[in-house]
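Just add 137 to wherever you are in the sequence shown, counting from 1, and you've got this note's numbering. Every residue, glycine too, gets a C-beta built ideally from N, C-alpha and C.
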Amino acid sequence: MLYLADLLSKQLIERGAQDIHELSRGSALSGSVVEEVCHFLRQDARAEVRGQARSGALVIGLTDRGRAAALEALGRDGYSGMAPVPLADYCRHVKAQALNKVGLDRDTVMEAFADTVIDPALLDQLGPGLHSGRAMFIHGEAGTGKSYIARRLMRLLPGEVLVPHAILVGGKAVRCFDAAVHHPVADDQGEVSSLYLGQGHDPRYLRCLRPCVVTGGELTMGRLEVQYDAATRIHQAPVQLLANNGMLVIDDLGRQRMTTTELFNRWIVPLEERRDFLSLSNGHHFSVPFDVALVFSTNLDPLALADAAFLRRIGYKIRFAPLERKSYQAIWQQQCRDLELAYAPELVDFVIDELHKRHDVPLLACHPRDLLGLARDRLEYWGGETLERDTLSWAWRTYFGDFTDDEASSNGRNVS
């Protein structure tokens, strides 16, 4: 009751006097709960009735005593949004929505990637890895499609999950919903459902697609802990909590602002115990379930990044290799279609035999997209319509630079 009284007081001091219905919508609390809290505030001389709205509902405003109490509450915790859910309730929901309850089979995996050019043998490694819920270590040369495929693995995580606006921990709200990560599901009328109590749901949660968080070289240790903004006095959930019941992809592993040893050590306990230990700015410690499909993606040699003890904790180590000729041709044809360019088999053969082979550049999944993109730019600039060999040769020189064969070969292995 005391926390809810502070929450409604903060809303009233920020938005002015409101009726019961407005307070209910702004706090995600039922009307009966709001009435009970407002009654408590009035008894404590922190709020008073300012009249009636057109709907007949009472309009509530703060007294001088109430405004002082609201400012004091904002000083302790700046959060004033939808009512947070208790930590125990959040943990119960995460376990009920666990990834291992989804279940995957080979047919589902193959169907999800039917429009993607990828070796079926590679899918037969990725599928069981995701099905198991264990961490995966994806490695290989830059440009082999690791990041692209890692993001598309979210296709294999069907269903929806309930994501709270915030979690109540030690008397503080930890903001959990992030519009950049969580995508609410629209109802049959195209409206985003907030799971109103009248429909038998709790509006403190939003029904969302399973989340996917992708982070790369910008990742810091601070983002793996609860973040506190001293200016707003609001706590924000770390990236792995935002990704709960979904996927967390750590791309460009080895290029973060901390050593890989520090980063790996941060994951040892969550990977083994399936729970994460966090703390608030005031030192209050708590734990949450760690139900995350954790994917590491790197261009570097895994053995150069981690010791054998940590690698054993990652059950799936999957290597992405350069393409075979047939796969390269298929991606080239697909890119021609996407870029609205006429597909000519003799042109892709020219690129493979006269350019890749002559410069000893491996066939990487990124090359068709990048070379054809440059070629189309040239056609649009000059007003041309037909893709020809000289255009592709120009695109090759532009992409790799005017290097010697040895330099081109080296560059070809490092283009991402």
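Below 7 Å CB to CB, which residues in the same chain sit around residue i once its five sequence neighbours on both sides are set aside?
{"i": "Leu224", "result": "Ile304, Leu305, Val306, Phe423"}
{"i": "Phe177", "result": "Met138, Ala142"}
{"i": "Gly270", "result": "Leu236, Asn237, Ala430"}
{"i": "Thr253", "result": "Arg289"}
{"i": "Gly203", "result": "Ser146, Leu178, Arg183, Ala184"}
{"i": "Asp507", "result": "Tyr536"}
{"i": "Gly327", "result": "The predicted model places Gly327 with a pLDDT of 46, which falls under 50 and marks its position as unreliable; any figure quoted below should be read in that light. Answer for Gly327: no residue qualifies."}
{"i": "Val329", "result": "Residue placement at Val329 is flagged as unreliable, the pLDDT there being 46, under the threshold of 50; a coordinate-derived value is accordingly withheld."}
Skipping 5 residues on each side, what residues in its chain have a beta carbon closer than 6 Å to that of residue i?
{"i": "Leu211", "result": "Lys147"}
{"i": "Pro499", "result": "Pro459"}
{"i": "Ala165", "result": "Met219, Ala220, Pro340, Arg341"}
{"i": "Gln466", "result": "Val485"}
{"i": "Leu509", "result": "Gln472, Leu476"}
As a quick exercise: from the options, pick the residue whose alpha carbon is nearest that of residue i.
{"i": "Arg456", "options": "Ala220, Gly215, Met273", "result": "Met273"}
{"i": "Pro407", "options": "Arg392, Thr397, Thr396, Ala430", "result": "Ala430"}
{"i": "Asp244", "options": "Ile255, Asp497, Asp261", "result": "Asp261"}
{"i": "Pro505", "options": "Tyr216, Asp339, Asp486, Thr523", "result": "Asp486"}
{"i": "Pro321", "options": "Leu509, Leu208, Arg344", "result": "Arg344"}
{"i": "Val171", "options": "Asn381, Ala220, Ala190", "result": "Ala220"}
{"i": "Asp226", "options": "Gly538, Arg449, Pro426, Leu440", "result": "Pro426"}
{"i": "Arg370", "options": "Ile197, His496, Arg312, Ala512", "result": "Arg312"}
{"i": "Ala479", "options": "Glu461, Ile489, Leu448, Leu516", "result": "Leu516"}
{"i": "Arg360", "options": "Arg403, Gly383, Met384, Ala323", "result": "Arg403"}
{"i": "Val298", "options": "Leu508, Arg474, Gly420, Val318", "result": "Val318"}
{"i": "Gly420", "options": "Val386, Leu390, Gln364, Leu448", "result": "Gln364"}
{"i": "Val186", "options": "Leu437, Ser192, Thr200", "result": "Thr200"}
{"i": "Asn436", "options": "Gln189, Gly282, Ala184", "result": "Gly282"}
{"i": "Val350", "options": "Asp366, Ala367, Met358, Asp388", "result": "Asp388"}
{"i": "Arg526", "options": "Glu483, Arg474, Asp514", "result": "Glu483"}
{"i": "Asn381", "options": "Ala233, Ala207, Val174", "result": "Ala233"}
{"i": "Gly538", "options": "Leu524, Thr523, Trp519, Leu511", "result": "Leu511"}
{"i": "Arg474", "options": "Leu241, Trp533, Leu400, Arg513", "result": "Arg513"}
Please name the residue or residues paired with residue i in a DSSP beta bridge.
{"i": "Gln155", "result": "Ile197"}
{"i": "Glu297", "result": "Leu346"}
{"i": "Val386", "result": "Val351, Val432"}
{"i": "Asp413", "result": "Val425"}
{"i": "Pro321", "result": "Cys345"}
{"i": "Leu305", "result": "Pro223, Ala310"}
{"i": "Tyr365", "result": "His372"}
{"i": "Lys463", "result": "Answer is none; Lys463 lacks a bridge partner."}
{"i": "Val231", "result": "Looking at the DSSP assignment, Val231 forms no beta bridge with any residue, so it has no partner."}
{"i": "Gln189", "result": "Leu195"}
Among the residues of its own chain, which have a CB less than 8 Å from the CB of residue i, if the five just before and after it don't count?
{"i": "Gly266", "result": "Met273, Gly452, Tyr453, Ile455"}
{"i": "Ser530", "result": "Leu492"}
{"i": "Tyr285", "result": "Ala502"}
{"i": "Ile405", "result": "Phe447, Arg450"}
{"i": "Leu379", "result": "Cys313, Asp315, Val318, His319, Pro348, Val350"}
{"i": "Ile468", "result": "Val254, Leu460, Ala502, Pro505, Arg506"}
Under the assumption that residue i contacts residue j (Cβ atoms under 8 Å), give the Cβ distance between them as a whole number of angstroms.
{"i": "Ile275", "j": "Phe433", "result": "7 Å"}
{"i": "Glu151", "j": "Ser217", "result": "6 Å"}
{"i": "Asp156", "j": "Ala190", "result": "4 Å"}
{"i": "Leu442", "j": "Gly383", "result": "The pair is not a contact, with the Cβ atoms about 24 Å apart (cut-off 8 Å)."}
{"i": "Gly207", "j": "Leu149", "result": "The residue you asked about is not Gly; residue 207 is Ala in the sequence shown. The Cβ separation is near 7 Å, so the contact holds."}
At least three beta-carbon pairs within less than 8 Å, the region 371 to 388 to the region 292 to 304
Counting Cβ pairs under 8 Å, three or more are found: they touch.
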